[in-house]
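**Student:**
Numbering (this note's numbering), first residue to last: 1280 to 1340.
Next comes the structure, spelled out in structure tokens:
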């Protein structure tokens, strides 16, 4: 099950969205480029019972 998550890019502050796979239980962490400014964003989220429990995004130094 996928869920669209909207958030602000930590670099350009534009609102962007990404699809998160909630079928994988536990913590997921990966790097995606912003679709506006193309800078790398570290995505960290946790899913339980097909629900988003926590979500964090950070710029990479």
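We treat Cβ as the ideally placed atom computed from N, Cα and C, and that holds for glycine.
Using the Cα positions of residue 1308 and residue 1326, report the straight-line distance between them to the nearest angstrom.
**Tutor:** Rounded to the nearest angstrom, the two C-alpha atoms are 11 Å apart.
**Student:** Mapping the DSSP letters down to three states, classify residue 1324 as helix, strand or coil.
**Tutor:** Strand at residue 1324.
**Student:** Taking only the alpha-carbon atoms, compute the straight-line gap between residue 1299 and residue 1329 and give it to the nearest angstrom.
**Tutor:** Rounded to the nearest angstrom, the two C-alpha atoms are 11 Å apart.
**Student:** Going by the beta-carbon positions, is the gap between residue 1336 and residue 1320 smaller than 7 Å?
**Tutor:** Yes. Within cutoff.
**Student:** Select from 1293, 1288 and 1284 the residue whose C-alpha is nearest the C-alpha of residue 1301.
**Tutor:** That would be 1284, whose Cα lies nearest to the Cα of residue 1301.
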